[in-house]
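Numbering (the UniProt record's numbering), first residue to last: 1 to 1141.
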């Protein structure tokens, strides 16, 4: 007990006496961490004492300890490491924090260079100290590769001396005759080493290849570029490529192109077969020698010969078929036969089986079948022949014999004389015409015909002569018909019937009882637009027969709503029209109906909208229960129109029974129909009861008669059929249906109320969306109509480059539930195989009918003698699957007829100025007195050219009207002809006569002479003599001079006369020539430029020298050679001066 007491006492003392705080208790508490500097702390602190604890170096904070009765409490922030911030990025390097958790005091980062770079700094790390990061950011530089050396014949693209990591050097040979041995490029790797050794350039050489199933036909050796390898294949093998194998540089290698290979001999068949060709077996494309193939040609095609459609062909050892397994279309020649005049075929036209050609025959010939239409058949043109000579077979008569030569066949226009016998008298002549005999004959007469249901019209006789005609009228139909007496027999008499109709431009189809069905001929139609018409026989006459009118005419006029067209019951021709009149209260939007191409046209207006109501009209009148409208009911009423109501049976009218249209609205009246049965009661009570009953009904009717106008419009929607009404009462609900292609989600509806239409569910109709369309492999699509994938949008598919669309349709449209059409398919582009015509040789085709892909090329040649390749010999398949040029064809090497002179005639020209083959000759001649310039015969050469130009015709010149006093001295005769370019010379015959005019004339191209012919006579006088440049006459100038007169000239000072000073008048012309030669002028300036001076007259500024005078010069003083004399002569004003340097 004492112990317990003591402890309690001690406890109470501690609560009463404050206790000190110890440093050790702080170091053991949770307040302490290693960031504090405790070196300055005392071991004990009194109660209530505050102590600031400093931070270690590299840390910051403000921290206080407070002693509270022996326990430490804290204030402020504890010590935290000082931040150094980001250590800095190094180019081409990364860093990593290896010590610490942040960029604070004491942390460390280590830098590492990127791959291909090396550290050039001595230290690769940085530490965070109180002052910040120590040192600098390390530096990384790219690894550098050593200098690389190459041979002189190697071209280097890049820097081989200072290449660093990642640099690439490319090599090529300087000479095109060399190839690269080694890599074409190397690069500097991350270790600073090159990825390979430098290559060398060696001469391009191809080694002898090993050819399976083949052998080299020459001595084995190495081959240079473009040299050809000659090899052959073993028996039953052939070259894979027809092209020769050349040593070719491919990139940096030497290869044989194409590769020399031998493959087993086989015959290749193109599948599927060409049009008109079927094979048996059908799906086999490769055949070995000895195997056979059955070829069947269809329709217009043939094989081996135009008449054969089936053939068997065998594969030979050389890979060729015994018969080319290709069906060719039957083609007829387009050459005209000798007896055909008109032949509607143009030059080069290709005419296939079944085609027809119009033609006509020359005189005395006619078409074999009379059609003048030739048809191309498997056997050639039919009819065969096209034209045959017109003949007539001998015509026999029982009453006449032939006078003269009697033959069985007569030619066209040949005449035969007949003499009558056996009771007939006279004679007649027949002429062989086209298809029958022509001429007047003697025939037996015809007796009066016996006619049923008909009477002869006009003169009625007992006997009628040959070729005499009669008319008779049918009793019932009153139809007029005609008959003719021919060789004693009536022709043209047909039975009359009361049922037989007359239908101009039409015909009866069939009859049943008294009903007749009829229609119109081709190019005509019924007046009432129907296909068929029906008529009824009434009293032996047809009733209801409508007329047939032309297809481009208009018949019955259609009905027009609220109006009518003023019409005449007749057919209307093109552009004829009729007037339109509208009923009262309506106005016409179009005033006339016009006939256009057999149809009535109203300028685009509908017939039911041509007559439209005026704006002030009323719609249909309101409906009254148990009542009807006694006036004519309409959909539209004019202003002031009145309608009258009448109650149905057992109902009576209360109030007024009529309504009036008051400008778009009906007047408001209460029209009521009540039952006629009422309770029996006294009169006064009955009146009161009836009044109350009517009042109650009126109130009820007012409630019931609340109506709404047409429902509000909803865009792209209409009122559904099941809720649509002509009149809406209070409480009626309408639902809207979206237009085709639109949806609304929840249904849209409105209700009719006393306040008008009230929207129950608001909404809008929007285009129905479609799911995203499928992609197509190797292609893409674009939206070409619309902006989103909604109803009605259209997308179009396109193929990537190198692919082509194989689907027929490339568009798809968004519909209700899906996209239309299938997804188009893009397949790799391929070009069609060239057609086989048996003449063009094609090289480079792929094996086994494989597709011809883009960039593949084919070579074409024509090896048929006398033909050439018309087109390109090399075709390349483009990326779009189309050949870059059209397929060539083998055409005959021909020469064209060139343009000929109007008077040039040629023999040997084909018809229609066609082409002429090799060796064809033409002979030429000029007519109408024209002369032939050129060769008279030309030959077509193998190059398609003529061996000489086409000749021309030139008009000769005639020597006429030459005076007899004029002689012709060129060897030509008077009145003879001279060809162009020839010259005729003239002279005078008399001793004392002179030629007036030119002495020579030339024949020109147009047949005219270059000058008029001269004449001879006495000498002519001369006019004034010609002037002389730098000179003049020595005598007085006269106006006219006699023949033989002479004048003298003199030159000006310093000018020298060259030639005779005289000119003489000879027969009207001055004869003689002279000229004044110019002097030379030398100036001081000319001499200074050349460092010269006059030898004798130094210092003189200018000197003149006449023609051929000499001036001596010397160099100026002090110039080398100054003492040398240099002489120069004047030549017609020109002196070449010397020069001293």
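By construction, the Cβ of each residue, glycine as well, lies at the ideal position given by its N, Cα and C atoms.
Residue 1094 holds the alpha-carbon nearest to the alpha-carbon of residue 1105 among 35, 1094, 236. A Cβ-Cβ distance of about 15 Å is found for the pair residue 980 and residue 1000, leaving them out of contact under the 8 Å criterion. Secondary structure note for residue 1074: its beta strand (DSSP E) is the uninterrupted segment 1074-1077. Straight-line spacing of the CA atoms in residue 903 and residue 369 works out to 41 Å. In the structure shown, the three-state DSSP call for residue 26 is helix.
In the DSSP annotation of this structure, the continuous segment of the beta strand (DSSP E) that includes residue 119 starts and ends at 117-119.
Around the beta-carbon of residue 506, 16 or more other beta-carbon atoms lie within 10 Å, marking it buried. Beta-bridge partners assigned by DSSP to residue 415: 431. Using a Cβ distance threshold of 9 Å, residue 145 and residue 113 do not count as a contacting pair. Selection 299, 267, 284 evaluated against residue 275 yields 299 as nearest (Cα-Cα). Contact check for residue 588 and residue 610: beta-carbon distance about 6 Å, within the 8 Å limit, so the pair qualifies.
Setting aside the 5 residues that flank it on each side, residue 796 is surrounded in the same chain by 781, 782, 784, 810, 811, each with a C-beta closer than 7 Å to its C-beta; the list follows chain order.
Per DSSP, reduced to three states, the secondary structure at residue 1084 is helical. Looking only at 1124, 192, 175, the smallest Cα-Cα distance to residue 166 is reached by 192.
Beyond the five residues adjoining it in sequence on each side, residue 965 comes within less than 8 Å, by CB distance, of 988, 989, 990, 993, 1015, 1016, 1017 in the same chain, given in chain order. Between residue 522 and residue 533, the gap from beta carbon to beta carbon reaches 9 Å or more.
Fewer than three Cβ pairs drawn from the stretch 307-314 and the stretch 381-396 lie within less than 8 Å of each other, which leaves the two stretches out of contact. The DSSP-derived three-state label of residue 848 is helix. Secondary structure at residue 269: coil, using DSSP grouped into helix, strand and coil.
Separation of residue 770 and residue 787 (C-alpha to C-alpha, rounded to the nearest whole angstrom) is 12 Å. In the DSSP assignment, residue 494 falls outside any beta strand (DSSP E) and carries neither an H nor an E. The beta carbon of residue 579 lies closer than 8 Å to those of 565, 566, 591, 592 in the same chain, with the five residues before and after it left out.
Taking all protein chains shown into account, residue 1010 has fewer than 16 neighbouring C-beta atoms within 10 Å of its C-beta and is therefore exposed. Listed in chain order, the beta strand (DSSP E) elements of length 3 or more contained wholly in the UniProt domain "Sushi" (616-675) are 627-629, 642-647, 651-654, 658-662, 672-675. Assignment of beta strand (DSSP E) within the UniProt domain "Sushi" (552-613), counting only whole runs of 3 or more residues, yields 563-565, 577-582, 586-588, 592-596, 599-601, 611-613 in chain order. Secondary structure at residue 141: strand, using DSSP grouped into helix, strand and coil.
Restricting attention to 827, 282, 263, 22, the CA atom closest to the CA of residue 271 is found in 282. Here DSSP, grouped into helix, strand and coil, assigns residue 181 to strand. Distance from the CA atom of residue 800 to the CA atom of residue 850, rounded to whole angstroms, is 22 Å. A check of alpha carbon separations from residue 278 across 266, 239, 576, 293 identifies 293 as the nearest. Here the alpha carbons of residue 466 and residue 426 stand approximately 15 Å from one another.
Residue 1080 is a Cβ neighbour of residue 1135, given a cutoff of 9 Å. By the criterion of a C-beta distance shorter than 6 Å, residue 586 is surrounded in its chain by 562, 611, 613, once the five residues flanking it on both sides are discounted. The Cβ neighbour count for residue 407, taken over all protein chains shown within 10 Å, is under 16; the residue is labelled exposed. Within the same chain, 126, 127 come within 7 Å of residue 134 by CB-CB distance, once the 5 residues on both sides are set aside. If you draw a straight line from the Cα of residue 143 to the Cα of residue 188, it comes to about 8 Å.
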